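Trainee: As you go down the protein sequences, you meet chains X and G in turn.
To convert, note that position 50 of the first sequence is 204 in this note's numbering; the numbers rise steadily by one, no gaps.
To convert, note that position 65 of the second sequence is 219 in this note's numbering; the numbers rise steadily by one, no gaps.
Have a look at this one before I ask anything.
Protein chains: 2
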Amino acid sequence: MLKRDNFHLRQEKIYTYLEDRKLEAVLLADLEGQRNKSLRYLCGHPRDALLFLFAGGSSTLLPWDVPPAEERASVDRIIPYTDYDRSIPDAVGGIIKERGMDLSSRVEISGRFFFPSVTELKQVLPEVEFICQDEGIDAFILNLRSVKDSEEISLMREAAHITNEIIDGIERLLSDKPGKITELELAFYIEAKAREMGAEGLGFETLVASPQRSFAVHTFPNYTTQTIGGRGISIVDFGVRFSGYTSDVTLSIIRKPLNQVQKKMIQAVEDVYDLALSLIAFGKKPSVIAQGVDEAFRERGFRMPHGLGHGIGLDAHEKPLLRSETQGKSEKAICDGMVFAIEPGLYHPEAGGIRLENDILFTEGKAEVLTDAHFIRLPV
Amino acid sequence: MLKRDNFHLRQEKIYTYLEDRKLEAVLLADLEGQRNKSLRYLCGHPRDALLFLFAGGSSTLLPWDVPPAEERASVDRIIPYTDYDRSIPDAVGGIIKERGMDLSSRVEISGRFFFPSVTELKQVLPEVEFICQDEGIDAFILNLRSVKDSEEISLMREAAHITNEIIDGIERLLSDKPGKITELELAFYIEAKAREMGAEGLGFETLVASPQRSFAVHTFPNYTTQTIGGRGISIVDFGVRFSGYTSDVTLSIIRKPLNQVQKKMIQAVEDVYDLALSLIAFGKKPSVIAQGVDEAFRERGFRMPHGLGHGIGLDAHEKPLLRSETQGKSEKAICDGMVFAIEPGLYHPEAGGIRLENDILFTEGKAEVLTDAHFIRLPV
Chain X
155 MLKRDNFHLR QEKIYTYLED RKLEAVLLAD LEGQRNKSLR YLCGHPRDAL LFLFAGGSST
215 LLPWDVPPAE ERASVDRIIP YTDYDRSIPD AVGGIIKERG MDLSSRVEIS GRFFFPSVTE
275 LKQVLPEVEF ICQDEGIDAF ILNLRSVKDS EEISLMREAA HITNEIIDGI ERLLSDKPGK
335 ITELELAFYI EAKAREMGAE GLGFETLVAS PQRSFAVHTF PNYTTQTIGG RGISIVDFGV
395 RFSGYTSDVT LSIIRKPLNQ VQKKMIQAVE DVYDLALSLI AFGKKPSVIA QGVDEAFRER
455 GFRMPHGLGH GIGLDAHEKP LLRSETQGKS EKAICDGMVF AIEPGLYHPE AGGIRLENDI
515 LFTEGKAEVL TDAHFIRLPV
Chain G
155 MLKRDNFHLR QEKIYTYLED RKLEAVLLAD LEGQRNKSLR YLCGHPRDAL LFLFAGGSST
215 LLPWDVPPAE ERASVDRIIP YTDYDRSIPD AVGGIIKERG MDLSSRVEIS GRFFFPSVTE
275 LKQVLPEVEF ICQDEGIDAF ILNLRSVKDS EEISLMREAA HITNEIIDGI ERLLSDKPGK
335 ITELELAFYI EAKAREMGAE GLGFETLVAS PQRSFAVHTF PNYTTQTIGG RGISIVDFGV
395 RFSGYTSDVT LSIIRKPLNQ VQKKMIQAVE DVYDLALSLI AFGKKPSVIA QGVDEAFRER
455 GFRMPHGLGH GIGLDAHEKP LLRSETQGKS EKAICDGMVF AIEPGLYHPE AGGIRLENDI
515 LFTEGKAEVL TDAHFIRLPV
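If you want it as structure tokens, here you go:
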């Protein structure tokens with residue numbers, strides 16, 4: 155678990171945010187259907203709670219379940235969310251009244267609240283000025299989260315280390331019994347090994363797609379009882395979550411014979427992956443890197459249906475986003491402490507899909523590839 | 155997979171909703187961080203898409219990934235979401251312009267859109283009257299979903315059947331090797347058996363909590379490599395998802411010696427579970443049943459930190475909600491076709507937790523218990 159000190163350091167930055175903007179409080183929630191890992195980032199409590207941070211420097215957590223919060227949360231005060239019947243307006247009203255906020259209080263609510271929920275708060279508490287915006291507190295915290303501190307980096311290195319052991323294991327498994335392992339067995343191997351090595355779990359549900367299912371970016375169902383590693387291209391996409399921080403890698407498994415389309419796709423992804431690595435540099439906008447990659451695919455007659463990559467950390471998808479479409483929008487340039495996955499991929503309804511994804515730590519002005527995902531070529 | 159006809163039948167109900175309210179369109183989304191199973195309910199496409207239903211009776215799906223949509227979605231038209239750079243305002247603007255909606259069009263957006271996202275739509279498309287409310291289209295669809303049709307019921311019976319086979323297997327496993335099985339092995343046993351029997355996957359991440367971790371309603375991490383079934387009370391909570399529809403059961407595993415608190419908790423949950431079953435009756439408000447249960451716990455000196463139960467179906471938590479707190483709010487009375495889980499439970503920081511959860515189909519005026527979860531008592 156992270157040291158308590160780090161959580162307080164992060165909370166301090168929010169208190170400064172409040173002061174700068176003359177806000178009385180900010181409110182975040184992590185609830186079913188409305189997840190927000192920034193809550194865990196700020197106080198260590200993993201899920202199912204509201205978190206208030208108040209100007210002047212105090213924090214109140216309203217967890218659904220109190221005992222785990224007492225064990226883990228780095229906050230000044232814990233009040234059971236059930237005291238307010240797990241109702242957002244009741245909880246917010248109760249806390250605001252209890253604090254005796256004056257009538258002109260300004261409270262910022264995370265932009266990850268649903269529209270009707272914020273509308274209701276504004277109606278129920280008309281005296282309070284509620285602010286809820288796209289580029290407000292969430293973007294502020296996501297920008298903090300996009301640059302990892304040294305403790306976060308060591309957690310991500312550990313997630314990468316476990317991931318690499320698993321990659322070796324997958325290669326052994328598939329080489330020992332080519333065409334015999336099922337998608338399900340492979341998915342279980344990944345999760346068991348991760349947990350045995352001390353991971354908290356997976357960062358997201360593993361995807362294992364044998365050649366006839368690999369045409370989808372996110373195959374559905376995520377894995378089945380059919381065998382993996384048959385002729386053509388199979389995809390395995392997984393992440394290991396260590397103390398909250400996830401890795402994210404994709405291997406493609408190649409088994410001959412291949413047709414011309416498959417050969418061209420494989421070559422294109424390999425080339426473009428190398429190009430992407432070479433484009434990563436200090437001070438560069440992530441969208442510019444992504445554009446270089448999209449352009450290279452176009453030159454080869456292909457189009458990638460997803461972004462080049464994304465930050466990883468407490469979320470499997472966070473800032474920085476490496477997507478052409480974000481060009482012109484505000485984005486932070488590549489700098490030390492950023493950790494992100496790059497994942498060039500191509501998909502064809504008949505030929506199947508191919509993707510290569512590794513995790514990059516940008517440190518000391520250079521890209522360090524943390525994970526060892528690669529194409530696994532099985533014997534015919 | 156469901157027959158296409160059923161999806162059209164459901165879409166028809168939305169077209170009537172549009173006509174009754176003089177709306178031009180409704181918009182739903184199922185996206186990362188903003189899940190909404192009503193999209194799958196209406197068209198069969200499992201995830202990552204926007205869905206428009208237009209007055210007059212036509213539907214347009216904007217899936218992120220087109221090939222799986224072409225395979226599964228029951229809609230009139232498919233447009234890649236990537237054509238609009240996966241941007242909600244761009245997609246909504248594009249679709250509205252393309253349809254040539256007039257300036258006074260009224261469009262209802264699901265209440266599961268974030269506040270800043272709806273605010274942006276209103277700003278970008280000021281001519282359109284956007285409606286986004288708590289008790290609008292979402293509640294309408296959730297009410298439809300709370301009463302299952304015959305096809306849904308047969309899918310849920312199949313999910314329950316697989317669940318019951320797994321419960322038998324868990325009992326055998328734990329009895330054969332008491333104190334030797336790890337939380338992880340048990341979780342994997344559940345998932346492997348489910349998928350081997352044809353389940354799409356799990357309804358939610360399994361919870362397996364040995365006695366020292368069972369004090370939390372939702373133990374964290376969900377399972378570890380420590381052994382299960384030691385002295386005291388362990389909890390196993392899982393659901394099997396069959397063609398999208400999930401079961402939800404909780405077993406408690408009891409191994410002596412027990413202290414007085416544990417004995418009292420076990421007895422209370424057993425008594426109250428029986429009481430809950432006896433309270434379920436046609437025409438009764440779910441909150442009234444939940445209140446009876448809360449009252450019974452109070453009489454025994456306990457307080458349950460969560461609701462009595464919840465509907466199950468495409469979501470693990472849906473309508474009807476069996477919670478005392480919903481009293482006074484609009485709620486549908488118990489009727490034929492409702493499927494819900496009841497899960498009385500108690501938790502104590504030292505004594506651990508105990509919960510018993512089974513799935514109920516209300517049919518022909520009676521509660522039919524679909525699943526066989528029970529307390530598993532291991533030899534000392």
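Beta carbons are placed, not taken as given, at the ideal position from N, Cα and C, and that holds for glycine.
These numbers come from a predicted model, not from an experiment.
What residues from the segment 156-184 of chain G come within 7 Å of chain C, judged by C-beta to C-beta, listed N to C?
Mentor: This model lacks chain C altogether; the protein chains it does include are X and G.
Trainee: Compare the C-alpha of residue 517 of chain G against each of G:493, G:215, G:459 and G:468 and name the closest.
Mentor: It is G:493 whose Cα lies nearest to the Cα of residue 517 of chain G.
Trainee: Using a Cβ-Cβ cut-off of 8 Å (strictly less than) and excluding sequence neighbours within five positions of residue 353 of chain G, which residues of its own chain qualify?
Mentor: 313, 316, 394, 395 and 396.
Trainee: Return the residues of the segment 370-391 of chain G that lie within a Cβ-Cβ distance of less than 9 Å from chain X, sorted by chain order.
Mentor: Going along the segment 370-391 of chain G in chain order, one finds 370, 371, 372, 373, 374, 375, 376, 377, 378 and 379 with a Cβ nearer than 9 Å to chain X.
Trainee: Work out the CA separation of residue 444 of chain G and residue 375 of chain X for me, nearest whole Å.
Mentor: Looking at the two C-alpha atoms, the distance is approximately 35 Å.
Trainee: For residue 195 of chain G versus residue 468 of chain G, is the C-beta spacing smaller than 7 Å?
Mentor: A contact, by the Cβ cut-off of 7 Å.
Trainee: In three-state terms, what does DSSP make of residue 254 of chain G?
Mentor: Here residue 254 of chain G sits in coil by DSSP.
Trainee: Measure from the alpha carbon of residue 167 of chain X to the alpha carbon of each residue in X:296, X:460 and X:336, then state which is nearest.
Mentor: Residue 167 of chain X has its Cα closest to that of X:296, out of X:296, X:460 and X:336.
Trainee: Going straight from the alpha carbon of residue 155 of chain X to that of residue 425 of chain X, what length do you get?
Mentor: The pLDDT assigned to residue 155 of chain X is 41, lower than 50, so where the model puts this residue is not dependable, and the model offers no usable value.
Trainee: Suppose you measure from the CA of residue 433 of chain G to the CA of residue 446 of chain G; what does that come to, to the nearest Å?
Mentor: Cα-Cα distance, rounded: 8 Å.
Trainee: Name the DSSP bridge partner or partners of residue 520 of chain G?
Mentor: Beta-bridge pairing links residue 520 of chain G to G:517.
Trainee: When you compare the CB positions of residue 470 of chain X and residue 402 of chain X, do they come within less than 7 Å of one another, or not?
Mentor: Yes.
Trainee: Return the chain-ordered list of same chain residues with a C-beta closer than 7 Å to the C-beta of residue 278 of chain X, the five sequence neighbours on each side being excluded.
Mentor: 243 and 247, listed in sequence order.
Trainee: At a CB distance below 7 Å, what residues from the segment 324-345 of chain X approach chain G? Give them in sequence order.
Mentor: Of all residues in the segment 324-345 of chain X, 338 and 342 have a Cβ within less than 7 Å of some Cβ in chain G.
Trainee: Could you tell me whether the Cβ atoms of residue 439 of chain X and residue 485 of chain X are closer together than 7 Å?
Mentor: Their beta carbons are under 7 Å apart, which means residue 439 of chain X touches residue 485 of chain X by this criterion.
Trainee: I'd like the span of the beta strand (DSSP E) that includes residue 221 of chain X, first residue to last.
Mentor: Premise fails: residue 221 of chain X lies in the alpha helix (DSSP H), 220-226, not in any beta strand (DSSP E).
Trainee: Below 8 Å, how does it come out for the segment 347-367 of chain G and the segment 207-219 of chain X: are there three or more Cβ pairs, yes or no?
Mentor: No contact exists between the segment 347-367 of chain G and the segment 207-219 of chain X.
Trainee: Any idea what DSSP makes of residue 269 of chain X, helix, strand or coil?
Mentor: Residue state, collapsed to three classes: helix.
Trainee: For residue 437 of chain G, which residues in the same chain have their Cβ closer than 8 Å to its Cβ, ignoring the five residues on either side in sequence?
Mentor: Closer than 8 Å at Cβ, skipping near neighbours: 487, 488 and 489.
Trainee: I want to verify the contact list: residues of chain X whose CB lies under 7 Å from the CB of residue 239 of chain G, in sequence order.
Mentor: What residue 239 of chain G touches in chain X: 479.
Trainee: Please report the straight-line C-alpha distance between residue 281 of chain X and residue 291 of chain X, rounded to a whole angstrom.
Mentor: Cα to Cα, residue 281 of chain X sits roughly 21 Å from residue 291 of chain X.
Trainee: To the nearest angstrom, report how far apart residue 253 of chain G and residue 174 of chain X are at their CA atoms.
Mentor: Spanning the two alpha carbons is a distance of roughly 45 Å.
Trainee: Roughly how many angstroms lie between the CA atoms of residue 240 of chain G and residue 218 of chain G, to the nearest whole one?
Mentor: Computed Cα separation, rounded: 7 Å.
Trainee: Pairing CB atoms from the segment 331-349 of chain X with CB atoms from the segment 412-424 of chain X, are three or more of them under 8 Å?
Mentor: Touching, no, given that fewer than three Cβ pairs across the two stretches are closer than 8 Å.
Trainee: At a threshold of 6 Å, does residue 274 of chain G count as lining the ligand MN (C-beta to nearest heavy atom)?
Mentor: Annotation note on the ligand MN: not contained in the displayed structure, which lists no ligands.
Trainee: Check residue 288 of chain X in the structure and name its three-state DSSP category.
Mentor: Residue state, collapsed to three classes: coil.
Trainee: Expressed to the nearest angstrom, what Euclidean distance is found between the alpha-carbon atoms of residue 288 of chain X and residue 308 of chain G?
Mentor: Taking the straight line joining both Cα atoms gives about 43 Å.
Trainee: Alpha carbon to alpha carbon, how far is residue 505 of chain X from residue 159 of chain G? Give it in angstroms, no decimals.
Mentor: Computed Cα separation, rounded: 31 Å.
Trainee: Considering only residues of the same chain and omitting the five flanking positions on each side of residue 454 of chain X, which have a CB-CB separation below 7 Å?
Mentor: Contacts found: 422.
Trainee: If the cut is a Cβ gap below 7 Å, which residues of chain X does residue 471 of chain G touch?
Mentor: Result: 186.
Trainee: Hey, quick one: how far does the alpha helix (DSSP H) through residue 433 of chain G stretch, first residue to last?
Mentor: Residue 433 of chain G -> alpha helix (DSSP H) spans 414-433.
Trainee: Expressed to the nearest angstrom, what Euclidean distance is found between the alpha-carbon atoms of residue 164 of chain G and residue 266 of chain X?
Mentor: Distance between the alpha carbons of residue 164 of chain G and residue 266 of chain X: 29 Å.
Trainee: From this set, G:381, G:331 and G:412, which residue's C-alpha is nearest residue 337 of chain G's C-alpha?
Mentor: It is G:381 whose Cα lies nearest to the Cα of residue 337 of chain G.
Trainee: For the segment 267-286 of chain X, enumerate the residues whose C-beta is nearer than 9 Å to any C-beta of chain G, in chain order.
Mentor: Flagged, chain order: 267, 268, 269, 270, 271, 272, 273, 274 and 286.
Trainee: Looking at residue 496 of chain X: is its Cβ nearer than 7 Å to the Cβ of residue 463 of chain X?
Mentor: Contact flag set, yes.
Trainee: With which residues is residue 391 of chain G paired in a DSSP beta bridge?
Mentor: Looking at the DSSP assignment, residue 391 of chain G forms a beta bridge with G:361 and G:404.
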